[in-house]
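Here full-length UniProt numbering is used: the first residue of the sequence shown is 1, the next is one more, and so on. Glycine included, every Cβ here is placed at the ideal spot set by N, Cα and C. For reference, the structure discussed in these notes is given below.
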Amino acid sequence: MSRVTTKESSNQDVIYYNSFSRENPEHIIDRGYLYRLKKRYNKWKKYYILLTNRYLYFFKSIKDYENNKICKSIDLDKIIDTVELDPLSRTRLHCMLIITPLKRIRFCAESEEDLTKWLVLLKTIIKIRREAVSSQQANI
C-alpha cells in the first residue's frame, strides 16, 4: 500500500488547481447532463453541459456536442457565484443557481453526487478567478 506524502499531495493540489486557470489552453474539465429551468415557459430542459477552463457550454444533446453545435455558452469570468437551492419541486430535488451580472440560472442535477460535483467545480473556478483578479490588482 503506497502512502502519499504531504509534498506529493501538495503538488497534486497545485496541478489540480492550475488546471482551472484561464491562462492555460482551453481544455475540458468535466461534462454531463443538467436540467435548466426555462423561465419563459416554466419548464425544465435537459442539456448536455461541457465545462472547460474558460466556458460553460450548453448542448441540446450529446449528438450536438459531437457535432460541435453549441446552443449557449457562459464565460466563466461572468459567473459571480453558484449556490445550492432547496428542491424546486417534488421531482427536482438537487438544484443550484448560477449567478451572473445579467441572469440567475436555475439548474437541477439527477443526483446529489452530480450536484455536489458541479457545485465544487464551479465554486473552485470562481475562487481561482477572484484570486487571480486580486493578485493582478496587488501587482498594479
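Taken in chain order, the unbroken stretches of alpha helix (DSSP H) that lie wholly in the stretch 104-140 and span 4 residues or more are 112-138. An exposed status is given to L102, since fewer than 16 other beta-carbon atoms sit within 10 Å of its beta-carbon. Assignment of I62 by DSSP, reduced to helix, strand and coil, places it in the helix class.
Minimum Cα-Cα distance from I62 among the listed residues F107, R31 and D86 corresponds to R31.
In the three-state reduction of the DSSP assignment, D86 falls in the coil class. Spanning the alpha carbons of K38 and R106 requires a straight line of approximately 8 Å.
Among the bridge pairs identified by DSSP, C95 is matched with L85 and C108. Around the CB of H27, fewer than 16 other CB atoms lie within 10 Å, so the residue is classed as exposed. Close CB contacts of K45 within its chain, under the 6 Å cut and outside five residues either way in sequence, are with R36 and K38 (chain order). With a cutoff of 8 Å on beta-carbon distance, T116 and I74 are scored as not near each other. Per the DSSP secondary-structure output, T52 pairs in a beta bridge with I28. Here L119 is near E84, since their CB atoms are less than 8 Å apart. In the three-state reduction of the DSSP assignment, K45 falls in the strand class. Around K72, the same chain offers F58 as residues with beta carbons nearer than 6 Å, after the five sequence neighbours per side are excluded.
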